[in-house]
Amino acid sequence: MPPGGGARLVAGIATGPMRHALAGAVHLAAHPRPERFAGAAASGLLPAQKFGVAAIGDFAWNRLAGFDACIQCGRCEEACPAFAAGQKLNPKALIQDLATALHPEAPAYAGSPHPGISSPGPVLGRLHAETLFACTTCRACVSACPMMIEHVDAVVDLRRHLTLDAGAAPGKADQVLSELRYAFNPGGFEPGRRLDFAAGGLRVLGEGESADILLWLGDGAFDARYGRTLRALVAIMRAAGLDFAVLGEAERDCGDLARRLGDEAGFERLARANVAALAARRFGRIVTADPHALHVLRQEYPAFGGHYTVQHHTALIDELIGTGAIRPEAASGGTVTYHDPCYLGRYNGEYDAPRRVLGRIGLAVSEMERHGAASFCCGGGGGAPVSDIAGERRIPDLRMAQARETGADIVAVACPGCTAMLEGVT
Numbered sequence: 282m283p284p285g286g287g288a289r290l291v292a293g294i295a296t297g298p299m300r301h302a303l304a305g306a307v308h309l310a311a312h313p314r315p316e317r318f319a320g321a322a323a324s325g326l327l328p329a330q331k332f333g334v335a336a337i338g339d340f341a342w343n344r345l346a347g348f349d350a351c352i353q354c355g356r357c358e359e360a361c362p363a364f365a366a367g368q369k370l371n372p373k374a375l376i377q378d379l380a381t382a383l384h385p386e387a388p389a390y391a392g393s394p395h396p397g398i399s400s401p402g403p404v405l406g407r408l409h410a411e412t413l414f415a416c417t418t419c420r421a422c423v424s425a426c427p428m429m430i431e432h433v434d435a436v437v438d439l440r441r442h443l444t445l446d447a448g449a450a451p452g453k454a455d456q457v458l459s460e461l462r463y464a465f466n467p468g469g470f471e472p473g474r475r476l477d478f479a480a481g482g483l484r485v486l487g488e489g490e491s492a493d494i495l496l497w498l499g500d501g502a503f504d505a506r507y508g509r510t511l512r513a514l515v516a517i518m519r520a521a522g523l524d525f526a527v528l529g530e531a532e533r534d535c536g537d538l539a540r541r542l543g544d545e546a547g548f549e550r551l552a553r554a555n556v557a558a559l560a561a562r563r564f565g566r567i568v569t570a571d572p573h574a575l576h577v578l579r580q581e582y583p584a585f586g587g588h589y590t591v592q593h594h595t596a597l598i599d600e601l602i603g604t605g606a607i608r609p610e611a612a613s614g615g616t617v618t619y620h621d622p623c624y625l626g627r628y629n630g631e632y633d634a635p636r637r638v639l640g641r642i643g644l645a646v647s648e649m650e651r652h653g654a655a656s657f658c659c660g661g662g663g664g665a666p667v668s669d670i671a672g673e674r675r676i677p678d679l680r681m682a683q684a685r686e687t688g689a690d691i692v693a694v695a696c697p698g699c700t701a702m703l704e705g706v707t
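Read in order, the letters of the sequence shown correspond to residues 282 to 707 in this note's numbering.
And the structure:
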């Protein structure tokens with residue numbers, strides 16, 4: 282090889298159509314979520330060093346390497362519910378656009394929106410808000426990606442700029458974020474109404490008091506449909522003789538919706554208030570029927586000093602049946618198919634407990650083709666119902682069509698958001 286040939290070879294790879302090979306090695310060696318290599322559910326967002334990404338250089342360097350690591354296999358396209366519904370988001374094209382922005386003077390490669398020519402301009406100026414807010418943050422793209430690219434983290438980083446700096450959050454997002462700031466819940470309800478579902482009788486855990494279990498109600502407590510789920514859960518916990526209590530008015534929205542919509546400042550206000558309220562009380566574990574709250578409490582509050590044992594209500598019920606603390610009657614006939622909520626399954630790795638509970642009460646589970654880690658989103662995550670991005674079809678319609686293919690009589694759901702989305706399909 283002539284003098285300097287090695288350096289020219291590396292430079293050629295780094296700027297040419299094979300740059301993903303070099304970038305992929307760098308990306309995997311300095312991955313922003315190294316816990317994933319050990320099989321951990323490393324899915325919690327971390328506190329932002331700055332609120333929003335306005336230019337390609339605002340991304341951390343190891344995230345930039347991830348964009349160039351894309352091998353254009355298209356697995357993220359196949360997994361994405363927004364893409365399947367005909368919305369503006371194409372996760373592969375998004376990563377390719379970000380990769381192109383890294384090399385505005387380099388020839389574009391096969392699969393680029395502009396093959397064979399240089400990028401026509403700043404890529405972030407061409408990314409429409411509807412592209413970013415169509416994402417349900419389900420992480421199906423991340424799960425499917427062989428190069429472990431973190432699409433969802435990039436989407437939320439870009440949303441932060443649009444929401445906090447540009448004021449460009451679409452649909453009813455601004456209204457909902459305003460309610461979160463002033464009423465501490467997305468519906469603007471009086472905080473004291475969070476206990477209305479129970480019609481009294483629930484013990485409220487005061488400062489300095491203790492309980493074995495803290496029941497985190499979530500904002501679904503303001504919803505009549507989800508209130509039925511909470512009443513049933515309370516009845517089960519009482520039948521098992523558990524020592525439990527709720528926060529009452531001290532409980533605020535967990536912040537999931539604010540964070541996914543890009544209001545990082547709003548999320549941190551809610552998180553710090555909840556962590557302070559929890560620190561003033563003593564309990565062994567938190568139980569919740571809301572996978573989004575479970576995820577934030579378990580995976581994201583530790584960054585603010587909140588370290589808790591958090592359990593989904595299906596895992597608690599499975600435990601109670603297994604120990605004989607409760608002995609439910611067998612369900613009456615029929616078959617059921619189970620929809621895996623993204624924030625319970627892909628985000629937190631809980632697939633078995635809900636299925637065991639169904640089996641323990643005598644129900645046969647007929648699985649959908651997209652289930653478990655490959656589950657298809659209901660369309661309710663990431664603030665999608667309030668940003669309300671139009672598509673050719675509705676994501677919950679697609680999911681219910683998959684459920685009908687099983688021939689099951691019942692669709693079992695373990696998330697209030699999924700229930701709201703899927704029950705609206707006829």
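Positions of the beta carbon are idealized from the N, C-alpha and C atoms, including for glycine.
Just so it is clear, the structure is predicted and the values come from calculations on it, not from any experiment.
Taking a C-beta distance under 7 Å as the contact criterion, K369 and E411 qualify as a contact pair. Per DSSP, reduced to three states, the secondary structure at R566 is strand. In the DSSP assignment, W497 is bridged to T569.
By the neighbour-count criterion, in which a residue is buried when 16 or more other Cβ atoms sit within 10 angstroms of its Cβ, S668 is buried.
T590 counts as exposed, since fewer than 16 other beta carbons sit within 10 angstroms of its beta carbon.
The continuous stretches of alpha helix (DSSP H) do not include H593, which lies in the beta strand (DSSP E) extending over residues V591 to H593. A contact between stretches requires three or more CB pairs, one per stretch, nearer than 8 Å, and the stretch 574 to 589 fails this requirement with the stretch 511 to 521. Per DSSP, I676 is not a residue of any beta strand (DSSP E); the alpha helix (DSSP H) it occupies stretches across I676 to R685.
In the three-state DSSP reduction, T418 falls in the coil class, being neither helix nor strand. The three-state reading of DSSP puts H588 in coil, since its state is none of H, G, I, E or B.
Across the structure, A554 and A596 are spaced so that their CA atoms are roughly 27 Å apart. In the three-state DSSP reduction, F525 falls in the strand class (E or B). Counting other Cβ atoms within 10 Å of its Cβ, D446 stays below 16 and is therefore classed as exposed.
Here H620 carries a strand assignment [DSSP, helix/strand/coil]. For V692, the enclosing beta strand (DSSP E) has its first and last residue at I691 to V694. Y619 is classed as buried because its beta carbon has at least 16 other beta carbons within 10 Å across all chains shown.
For T510, the uninterrupted alpha helix (DSSP H) run begins and ends at A505 to A520, by DSSP. Per the C-alpha coordinates, the member of M428, L439 and T510 positioned closest to A570 is T510. Nearest to R475 by alpha-carbon distance, out of L498, E488, R563 and A654, is L498. When DSSP states are grouped into helix, strand and coil, S424 belongs to the helix group. Counting C-beta atoms within 10 angstroms of its own C-beta, P427 has fewer than 16 neighbours from the protein chains shown and is therefore classed as exposed.
The three-state reading of DSSP puts S647 in coil, since its state is none of H, G, I, E or B.
Secondary structure note for A546: its alpha helix (DSSP H) is the uninterrupted segment E545 to A560. The beta carbon of A634 sits closer than 6 Å to the beta carbons of T595, A596 and D599 from its chain, once the five residues preceding and following it are set aside; these are given in chain order.
Sequence-distant Cβ neighbours of E490 in its own chain, meaning closer than 8 Å and more than five residues away, are A526, R562 and R563.
Secondary structure at V334: coil, using DSSP grouped into helix, strand and coil. When beta bridges are read from the DSSP output, S491 appears opposite R563. Annotation for T700: V694 place their beta carbon closer than 6 Å to its own, counting only its chain and skipping 5 residues before and after. For the 7 Å CB-CB criterion, S656 and D621 form a contact. In this structure T604 is exposed. Its beta-carbon is surrounded by fewer than 16 other beta-carbon atoms within 10 angstroms.
Membership of S459 in the alpha helix (DSSP H) is indicated by the continuous run A454 to Y463.
When the alpha-carbon of R484 is set against those of R462, D500, A520 and L528, the nearest one is in L528. Annotation for M702: the continuous alpha helix (DSSP H) segment containing it runs P697 to E704. If you look at C357, you'll find it in the alpha helix (DSSP H) that goes R356 to A360. Between the alpha carbons of Y628 and R579 lies a gap of roughly 11 Å. Looking from the CA of E686, the closest CA among G614, M649 and I670 belongs to M649.
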